[in-house]
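In our numbering, the protein residues as written are 411 to 1056.
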């Protein structure tokens, strides 16, 4: 018995001093000697929780609870383990049990509030945090979490006050600075966001994802000081398995499918439930039920690409369902909803509730059109909303999670040699993976270069991608092109004042007249398409190139040159160009890109021939054939489900 006590006491000392692995081993030795001590089992489970081995944590908390169902700490800590794997329903149940055992136990109240927020139960979460304030009014964590909740509710003033209170109570509260930075970023107050992220890093330079947010904010205002050093740090920390950047940001900073996969795997911390894929799901002749899940059923690039697919689905063979998990809606939401058999507003549902709604409607294939982009709800897929789950279009890379069965691609954006860098199985469309659309007719009312702010007689190079995609490397190429071509300007989509100043600073630094940079503002979709006709040559960004914008330019008869990199995000324009037989506009590096741009500027006949080619009826038919594309996509869905027919 003394050996038991000695091991137990030594394990607690190690645990208290932060030597978690050593403590875990001693707790396990103690359990071997005496396996009916609920406290030892609870502490052992806590070490697994700290080591992020959530399955073993849950298993040992369960054993502890079975021995002593009146020990609230075990319920609270098991709730934390469930929350970590995003099973908020079971987490909330455990927090409630802990509270019932001890009404003054603070931790389960705040944990419950966070779980309710993550389950979209916002009003209940507010009530929970108000109880927390009564119990412990000087705890900064309450106000930090309350701020996050107000952000979700779009109550920005209340969110600011909550974060401010958290920081007043704890001046070095890194997470509160980071969360306030997120709010400032969302409101495009980039200078305030940078200041908040800097403070977060000052007080905790290892806080997950903050460094990536800091770099991303600098990219949004085209502030490139120490760019190369920042990228090297990102790469080094990714290789060390640090959660330093979210997947989407990594795509336009690093051209490496291997590192993109690593980032996505680190980010996709999900425990996926097993799905029954063995039993037949369809009867021959029965309609296939497709569930499209998206935060972008609104005026957004993904919807512009998908709209004609939803229109053209063969409704005699397919029943299509829309699961809209964004609170943001507009006139396009109403338009697209009419093309679905059923269209669900899921904005107030938890991930598990959305998955259950899908299962209730017997969806055969769930297609995630959002991925790791804004308003992502990837937690839906760990709950198995359908027997088959596909990653398509919204996110140009691997999701890094085994919740997904397939990614839809083509041979150019995702060469077979890169399969190893994708968690999903790859299924290939016969041509370009990007949906084709009907030609959009824009009423040609008088609209001149002058109206767009462009000089009438200049050659217009343009890159109307989001300005955060502009890296100093590609900008250097653009400046070389301007220096070596006369009477030319560069048209960029930038509306932030600080970003404009930084672009002008970088332009002057490279010896180019800043007046040769012209800024495009954001306009309606049809106005945007109409103004593309003023572009003589579209210059793609790198490593995250133009995707929807590339399709728009090509469809409006505008030549585009691109650099084909290694990553999915860098190869989309190459796929679009290859699809119509314009491989000669694809380059391999900066030098080739610069030379081609200069050559096309100088050789008027060559450029004219490309424009004539783009306006030929056979080329237009290749670009605008949504019926054929939809048939190819449907063939993929049928191929995936084919085994259940046999």
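Backbone N, C-alpha and C fix where the C-beta goes; we use that ideal spot for every residue, glycine too. Computed from a predicted model, the values in this text were never measured in an experiment.
### Identity of the residues DSSP links to residue 729 by a beta bridge
699
### Message
Judging by CA-CA distance, which residue of 906, 677, 964 is the nearest neighbour of residue 598?
### Response
906
#### Entry: Neighbourhood of residue 455 by C-beta distance below 7 Å, restricted to the same chain and skipping five residues each side
467, 470, 471, 474, 487
### Query
Touching or not, the stretch 1020-1029 and the stretch 985-1002, by the rule of three or more beta carbon pairs under 8 Å?
yes
### Length of the line joining the Cα atoms of residue 845 and residue 1039
6 Å
### Message
Taking only three categories from DSSP, how would you classify residue 454?
### Response
helix
### Closest residue to residue 710 among 978, 961, 935 (Cα-Cα distance)
935
#### Entry: Cα-Cα separation between residue 841 and residue 646, rounded to whole angstroms
36 Å
### Task
Write down every uninterrupted run of the beta strand (DSSP E) in the stretch 808-867 whose length is 3 residues or greater and which is fully enclosed by it, in chain order.
816-819, 835-838
### Query
Taking all protein chains shown into account, do 16 or more other C-beta atoms lie within 10 angstroms of the C-beta of residue 734, making it buried, or fewer, making it exposed?
buried
### Task
Specify whether the stretch 953-966 and the stretch 782-790 touch according to this definition: at least 3 beta carbon pairs, one from each stretch, less than 8 Å apart.
no
### Message
Which runs of the beta strand (DSSP E) at least 3 residues long sit entirely within the stretch 884-914? Give them in chain order.
### Response
898-903
#### Entry: Cβ-Cβ separation, residue 604 to residue 619 (assumed contact under 8 Å), whole Å
Between residue 604 and residue 619 the Cβ distance is about 15 Å, and since that is not below 8 Å, they are no contact.
### Query
Which partner residues of residue 870 appear in the DSSP bridge assignment?
899
### Query
residue 667: which of 648, 681, 683 sits nearest, CA to CA?
648
#### Entry: Assumed close pair residue 892, residue 932 - CB separation to whole angstroms, cut-off 8 Å
So it is not a contact: roughly 24 Å between Cβ atoms.
#### Entry: Start and end residues, alpha helix (DSSP H) containing residue 671
667-677
### Task
Quick one: give me the first and last residue of the alpha helix (DSSP H) that residue 929 is part of.
Taken as a continuous stretch (DSSP letters only), residue 929 belongs to no alpha helix (DSSP H), being part of the beta strand (DSSP E) at 927-930.
### Same chain, Cβ closer than 7 Å to residue 880, five either side skipped, listed in chain order
632, 951
### Query
For residue 690, does the count of other Cβ atoms within 10 angstroms reach 16, so buried, or fall short, so exposed?
Below a pLDDT of 50, predicted positions are generally treated as unreliable, and residue 690, at 46, falls in that range; no measurement from the model is reported.
#### Entry: residue 798 to residue 718 span [Cα, whole Å]
23 Å
### Message
Alpha carbons only, please: which of 720, 497, 696 is nearest the one belonging to residue 703?
### Response
720
### Message
Quick check on the burial criterion: 16 or more other C-beta atoms within 10 angstroms. Buried or exposed for residue 427?
### Response
exposed
#### Entry: Segments assigned beta strand (DSSP E), at least 3 residues, entirely inside the stretch 970-1009
970-973
### Query
How would you write the range of the alpha helix (DSSP H) that residue 800 sits in, first residue to last?
Note, residue 800: premise wrong, no alpha helix (DSSP H); beta strand (DSSP E) at 798-801.
### Query
Roughly how many whole angstroms lie between the Cα atoms of residue 761 and residue 978?
28 Å
### Closest Cα partner of residue 459 within the set 476, 493, 444
493
### Task
Return the residue from the list 496, 695, 524, 489 that minimises the CA-CA distance to residue 508.
489
### Message
Could you check whether the stretch 767-776 touches the stretch 936-946, counting it as contact only if at least three pairs of C-beta atoms, one from each stretch, sit closer than 8 Å?
### Response
no
### Query
Taking only runs of the alpha helix (DSSP H) that begin and end inside the stretch 463-506, which ones reach a length of at least 4 residues, in chain order?
464-477, 482-494
#### Entry: Three-state secondary structure (DSSP) of residue 750
coil
### Query
So the alpha helix (DSSP H) residue 601 belongs to, where does it begin and stop?
600-613
### Task
Please say whether residue 529 and residue 484 have beta carbons closer to each other than 9 Å?
no
### Task
Spatial neighbours of residue 847 within its chain, please: CB distance less than 8 Å, with the 5 preceding and 5 following residues excluded, ordered by chain position.
714, 715, 717, 718, 961, 965, 1034, 1036
### Message
According to DSSP, is residue 571 part of a helix, a strand, or is it coil?
### Response
helix
#### Entry: When 728, 514, 613 are compared against residue 774, the one with the closest alpha-carbon
728
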